[in-house]
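Report on the following structure.
Protein chains in written order, with the numbering used here: chain A, 505 to 861; chain B, 235 to 449; chain C, 169 to 412.
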């Protein structure tokens with residue numbers, strides 16, 4: 505299979521097209537401009553629609569409109585812009601519409617700068633808008649994964665009738681790496697996919713009494729919230745996804761997601777070469793959080809957990825602490841403000857925690 | 235085996251193109267893993283520009299390493315910015331006159347395609363203050379490549395980046411020289427086949443300079 | 169016996185719960201009549217934001233997309249691009265269309281998206297209790313401009329038809345009212361034109377209906393009609409601002 509050397513943003517964009525995404529709306533913001541630029545060229549070639557919207561608010565509202573008609577739809581932005589989308593993401597969740605939202609995280613808070621970060625973790629996993637909804641949050645750490653997860657995200661959105669969130673970062677968006685793309689969905693498949701949504705989607709005069717008037721506000725909201733909560737709870741059984749590396753005999757666990765997990769993996773390798781028993785837990789989805797990975801650890805052996813992320817204050821580490829449940833000390837190794845993690849800093853923090861029992 | 239490279243210079247010098255060419259060549263002609271990470275910022279000509287390339291036999295953990303094996307510095311500013319990021323025993327390829335007394339003054343030509351406003355930045359861009367850079371310093375070797383002059387003599391200062399690429403490939407055993415040349419033809423020649431001949435010359439002169447420097 | 173008039177089937181038989189005398193009910197009925205006359209009542213999607221307009225989802229028998237305040241034009245544009253054969257219209261109030269959603273509205277108009285916009289301008293935020301709107305008249309008292317609108321504080325009433333008249337893309341822009349039978353007939357004709365334009369693939373059409381709000385204006389239904397005639401229409405002249 506031919507490996508194509510591709511930029512992160514383009515890996516996501518091309519994978520979306522191959523997954524049958526036929527509508528994209530977005531607004532320029534660094535570091536993800538290659539996503540809309542790629543799709544502006546590509547979507548019209550495959551009969552899809554590309555719109556550069558007047559704002560991120562309009563972008564997500566357009567995705568809402570396209571999704572309501574049963575078209576596989578996506579938007580992409582970076583931190584500041586994703587904040588503006590909160591309203592529409594909440595609306596998608598409330599209306600049970602499938603869509604894919606990409607966040608190539610950059611430094612915050614506020615406008616800050618355009619360099620990579622992982623500072624939107626809490627926003628992505630816990631509070632992406634008002635109204636206490638949840639989304640599956642996928643966090644690729646390589647470009648191959650970014651493409652594969654984008655492809656999968658559309659299936660998950662359709663399956664659960666809920667927006668799916670790809671938590672990326674400026675580093676992943678800008679870097680290049682050879683990958684193998686998943687097979688493109690055929691035009692026939694895409695038509696069938698849209699037709700399969702006839703139970704709720706609005707197209708071709710497809711009037712559905714049970715769906716009509718249910719797209720927006722409700723006075724009897726609670727039963728719907730209860731059903732959604734039950735779905736989120738089921739995800740904890742079916743959608744948890746994580747990767748363990750050398751954890752069986754590990755006395756120190758390093759944990760990280762997304763781009764940080766690459767650096768953390770390199771640290772584990774280096775420390776093993778030094779003879780230290782170190783393992784890696786990498787949440788592949790950060791929502792639902794893989795608490796079981798931490799429950800499985802033998803805490804008579806594990807001296808500590810080092811949580812690594814590009815966010816100050818730490819966000820991801822809070823979930824790690826919750827999952828570890830005081831059974832082992834959790835320390836952090838952090839960077840933020842657009843500063844990229846340094847391998848040496850992870851190694852030093854790990855060595856210190858390893859030797860501190 | 236893992237080798238890492240920083241290519242650094244000024245926007246408009248083709249810095250990122252060198253990184254992409256090396257990465258593409260490694261991807262297309264070897265079984266190795268490869269990552270490329272560019273600096274990105276406000277879109278601006280004449281600003282600083284750099285990228286990281288890692289080529290490895292194993293999956294790559296850190297696409298932006300703190301210390302690299304090779305630094306391609308397209309000007310003195312880039313050298314100063316990244317000399318602290320070269321491993322002990324590493325090699326720096328510096329765009330500078332091989333004869334320290336000789337000054338390179340091709341600034342005007344470097345402005346081609348950069349717009350009027352770039353004039354002030356451009357003087358910094360191609361100023362190769364060779365005299366103040368010692369041959370071997372701070373634990374790494376410095377290979378001077380008279381890339382700006384070589385490219386200028388070939389008729390296009392834009393070819394500076396290919397001279398630098400050639401020097402790296404000629405000096406190191408990263409990849410067979412022919413592999414990289416084929417990628418240059420494929421990637422650059424696709425849009426501008428008429429440039430193939432000059433590109434090959436620039437690359438070859440760089441190769442020779444690199445090979446001459448192997449001791 | 170021949171029926172000379174019947175309720176359009178697309179309009180909910182239970183009747184409206186709009187305040188007595190509110191012209192929303194008239195606008196709802198006219199939209200249904202026009203869609204039925206065009207044979208599109210089973211092939212239409214209404215896109216609504218938030219406000220009294222959104223109450224219409226109870227009465228309009230078309231399909232519905234309902235989303236946050238101000239966003240109908242963005243969603244309608246996207247929906248229409250993906251489903252070009254479905255009649256797509258927004259039904260929006262002045263706060264929705266001309267304030268919080270001004271960017272979405274103007275940009276849809278400027279792109280010339282092939283949608284129909286029905287704009288109910290009653291010069292107040294009605295559902296929330298009568299606050300000052302972009303279209304509130306100078307001197308008009310509202311709950312958040314208790315002394316009346318002062319230009320130095322809130323600027324001047326926003327004229328959407330005139331504003332959109334500066335754009336090249338819109339195909340039809342009209343301001344109408346439902347104050348009497350001749351005006352209701354004109355409103356119906358304007359809606360017909362705006363929907364026909366969409367069926368003909370011509371592009372963006374907007375019908376601005378000067379409406380009333382007896383409750384928040386603190387008037388009887390008849391007084392509110394006089395207010396439209398004597399106050400609103402002089403500020404917002406009726407007519408077709410664009411027809412190409």
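Here a beta-carbon is modelled for each residue, glycine too, at the ideal position from N, C-alpha and C.
- One Cα belongs to residue 406 of chain B, the other to residue 429 of chain B, and the distance between them is close to 26 Å.
- When DSSP states are grouped into helix, strand and coil, residue 220 of chain C belongs to the helix group.
- Remark: C-beta atoms of residue 618 of chain A and residue 275 of chain B approach each other more closely than 8 Å.
- DSSP places residue 374 of chain C in the strand class (E or B) of the three-state scheme.
- For residue 376 of chain B, the closest Cβ of chain A is not nearer than 8 Å.
- Between residue 284 of chain C and residue 241 of chain C, the gap from beta carbon to beta carbon reaches 8 Å or more.
- The closest CA to that of residue 235 of chain C, considering only C/212, C/228, C/264 and C/197, is found on C/264.
- For residue 273 of chain B, the closest C-alpha among the options B/265, B/266, B/283 and B/267 is that of B/283.
- The closest CA to that of residue 577 of chain A, considering only A/560, A/602, A/588 and A/583, is found on A/602.
- Going by DSSP, residue 241 of chain B is part of no alpha helix (DSSP H) but of the beta strand (DSSP E) stretching over 236-244.
- A Cβ-Cβ contact shorter than 8 Å links residue 847 of chain A with residue 296 of chain B.
- Going by C-alpha positions, residue 834 of chain A is about 47 Å away from residue 246 of chain C.
- Annotation for residue 772 of chain A: no beta strand (DSSP E) segment contains it, though the alpha helix (DSSP H) segment containing it runs 762-777.
- The shortest CA-to-CA distance from residue 380 of chain B to any of B/327, B/288 and B/279 is the one to B/327.
- Straight through space, the alpha carbons of residue 639 of chain A and residue 691 of chain A are spaced by roughly 28 Å.
- Legend: CB atoms of the segment 171-201 of chain C lying less than 8 Å from CB atoms of chain A are not found in any residue.
- Here the alpha carbons of residue 248 of chain C and residue 351 of chain C stand approximately 30 Å from one another.
- Within the model, the alpha-carbon separation for residue 330 of chain C versus residue 312 of chain B is close to 56 Å.
- DSSP places residue 733 of chain A in the helix class (H, G or I) of the three-state scheme.
- Of all alpha-carbon atoms in B/420, B/315, B/266 and B/413, the one lying nearest the alpha-carbon of residue 238 of chain B is that of B/266.
- Residue contact check for residue 249 of chain B against chain A: no CB pair falls below 8 Å.
- Counting along the chain, the unbroken alpha helix (DSSP H) around residue 200 of chain C starts and ends at 192-205.
- Distance from the CA of residue 278 of chain C to the CA of residue 335 of chain C, rounded to the nearest whole angstrom, comes to 6 Å.
- The three-state reading of DSSP puts residue 289 of chain C in strand, counting E and B together.
- Among the CB atoms of chain C, none fall inside 8 Å of the CB of residue 661 of chain A.
- As DSSP reads the structure, residue 556 of chain A sits in a beta bridge with A/530.
- For residue 783 of chain A, no CB of chain B lies under 8 Å from its own CB, so it is not counted at the interface with that chain.
- The Cβ-Cβ distance between residue 380 of chain C and residue 388 of chain C does not fall below 8 Å.
- Between the segment 539-556 of chain A and the segment 659-672 of chain A, the count of Cβ pairs shorter than 8 Å is below three; the stretches do not touch.
- Going by DSSP, residue 587 of chain A is part of the alpha helix (DSSP H) stretching over 583-599.
- Taking 8 Å as the cut-off, the Cβ atoms of residue 565 of chain A and residue 524 of chain A do not count as close.
- In the three-state DSSP reduction, residue 416 of chain B falls in the helix class (H, G or I).
- As a beta-bridge residue in DSSP terms, residue 837 of chain A pairs with A/812.
- Taking C-alpha positions only, residue 319 of chain C is separated from residue 290 of chain C by approximately 19 Å.
- CA-to-CA, the gap between residue 851 of chain A and residue 535 of chain A works out to about 29 Å.
- When the beta-carbon positions are compared, residue 590 of chain A and residue 633 of chain A come within less than 8 Å of each other.
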